[in-house]
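The structure appears below as structure tokens.
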Amino acid sequence: MNTEETIKGFIPGIVYRFLTSQLSIIFIILSFCLGVSAILITPREEEPQIVVPLADVFIHAPGASPEEIEKLVSTPLERYLWQIDGVEYVYSTSMQDMAVITVRFFVGEDREESLIKLHNRVSMHANHTPPIVKGWVVKPIEIDDVPIINLTLYSDRYNDYELRRIGEELLNRLAHVKNTSRTEIVSGRKREIRIELSKERMTGLNVGFHEVIGALKSADASVTAGTFSRLNEEIIVSSDSYIKSTNDVKNLIVGVHEGRPVYIRDIAQVIDGPEEAVNYSRIAFSHYYRKANGMTDHPVSYPAVTLGIAKKKEPMR
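Numbering-wise (the numbering used here), the sequence shown opens with residue 16 and increments by one.
What follows is the structure, given as structure tokens:
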């Protein structure tokens with residue numbers, strides 16, 4: 016008896032033919048090849064790039080309390096921005112003198128079109144803003160600006176100011192790495208030239224506070240005086256007097272007393288060093304980590320500076 020003749024029905028017949036035919040092996044090999052090709056061809060990345068239009072609206076209202084800003088500015092503008100097509104979330108933060116309203120659109124919305132709609136809607140709302148509002152700024156936020164790598168520098172030998180100087184040099188070198196984008200340093204005191212005026216010396220030499228400010232502003236500027244022609248050439252005349260060092264600051268003339276020039280060094284102490292601390296950042300390790308790495312004799316916590324590195328935005332495919 017022929018086995019094929021005993022199998023009746025459409026589905027049993029198909030199953031029987033695949034079991035007895037060599038095509039099944041070919042299909043298996045073909046499916047395997049297609050799977051391998053899909054794995055090799057499909058683009059993959061650890062931090063996938065997505066399009067999420069996002070922006071902050073900074074509203075300035077000098078002299079207003081957080082309660083006034085929330086009632087007169089934040090809440091009405093939130094309701095108004097909710098009317099924009101494609102908006103997913105609107106939330107705000109009210110604080111002294113200003114408010115920050117964050118608008119987030121749905122994933123996949125066109126970024127440029129969304130920002131244009133937001134800017135136009137804020138401009139249209141200008142006639143309805145209370146008198147306390149003096150201006151606003153729309154600042155786009157990129158998802159790709161979020162650092163994908165954070166490096167923390169710490170030391171029991173250097174303070175936060177010195178660590179920040181080291182971090183700045185390190186960021187300059189990391190900026191040349193391929194496909195890196197925005198970099199930033201979190202915490203650590205910045206370098207500044209600080210002028211500590213002496214009231215007694217200023218009074219004795221008859222120099223006012225405004226004279227010092229005026230001298231600093233006029234000295235730290237670059238001015239183009241004009242042009243003149245010579246031998247068929249146009250020569251640009253400019254005055255470049257940017258302050259480049261502490262000596263430049265010390266040697267600035269701020270006035271005249273009894274026929275003699277008065278320098279900043281005569282009425283103030285000029286300090287080149289770290290700015291005044293406004294925040295502190297430290298790192299600490301668990302007892303087990305310290306014991307495993309032989310750190311038991313070191314301090315419990317260390318001054319720290321964090322470097323953030325974002326990836327370069329690639330064109331969407």
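Ideal placement from N, C-alpha and C gives every residue a C-beta, glycine not left out.
Apart from the 5 residues on each side of it in sequence, Leu212 sits with its Cβ closer than 8 Å to the Cβ of Phe224, Val227, Ile282 and Ala283 in its chain, given in chain order. Cβ contact annotation for Thr108 (same chain, cutoff 6 Å, sequence separation greater than five): Val115, in chain order.
Runs of the alpha helix (DSSP H) lying entirely within the segment 268-300, each at least 4 residues long, are 279-282 in chain order. Going by DSSP, Tyr317 is part of the beta strand (DSSP E) stretching over Ser316 to Lys326.
Secondary structure at Met217: helix, using DSSP grouped into helix, strand and coil. Ranked by Cα distance from Leu220, the options Arg209, Ser202 and Ile268 are led by Ile268. In this structure the segment 120-139 lies against the segment 68-77, because at least three pairs of beta carbons, one per stretch, are closer than 8 Å.
Linking Thr321 to Pro162 through their CA atoms gives a straight-line distance of about 11 Å. In this structure, the beta-carbon distance from Phe73 to Val152 falls below 8 Å. In the pairwise beta carbon analysis, the segment 33-41 is classified as not touching the segment 75-91: fewer than three pairs are separated by under 8 Å.
The segment 286-301 makes contact with the segment 197-215: 3 or more CB pairs, one atom from each, lie closer than 8 Å. Annotated three-state conformation of Arg188 is helix, per DSSP. Considering only His272, Glu177 and Asp171, the residue with the shortest C-alpha distance to Thr218 is His272. As DSSP reads the structure, Leu87 sits in no beta bridge. Taking the Cα of Leu168 as reference, the smallest distance to any Cα among Glu215, Val102 and Arg297 is reached at Arg297. The beta-bridge partner set that DSSP reports for Thr117 consists of Asp71 and Tyr106. Contact between Asp112 and His143 is absent: CB atoms are separated by about 20 Å, not below the 8 Å threshold.
Judged by DSSP secondary structure, Gly229 falls within the alpha helix (DSSP H) whose first and last residues are Phe224 to Ala234. The Cβ atoms of Ala292 and Ser316 do not sit closer than 8 Å to each other.
Boundaries cannot be given for Thr144, as no alpha helix (DSSP H) includes it and DSSP labels it neither H nor E. Going by C-alpha positions, Arg172 is about 15 Å away from Gly182. Restricting attention to Lys205, Asn187 and Ile164, the CA atom closest to the CA of Glu290 is found in Lys205. When secondary structure is reduced to three states using DSSP, Thr167 falls in the strand class. Taking the Cα positions, Phe42 is about 15 Å away from Ile29. The DSSP-derived three-state label of Thr35 is helix. Here Pro27 carries a helix assignment [DSSP, helix/strand/coil]. Look at Ile41 here: in three-state DSSP terms it is helix. Taking the Cα positions, Arg126 is about 55 Å away from Arg32.
For Thr261, no beta strand (DSSP E) segment is defined; the enclosing uninterrupted segment is the alpha helix (DSSP H) at Thr261 to Lys265. Arg188 and Asn262 have their C-alpha atoms some 29 Å from each other.
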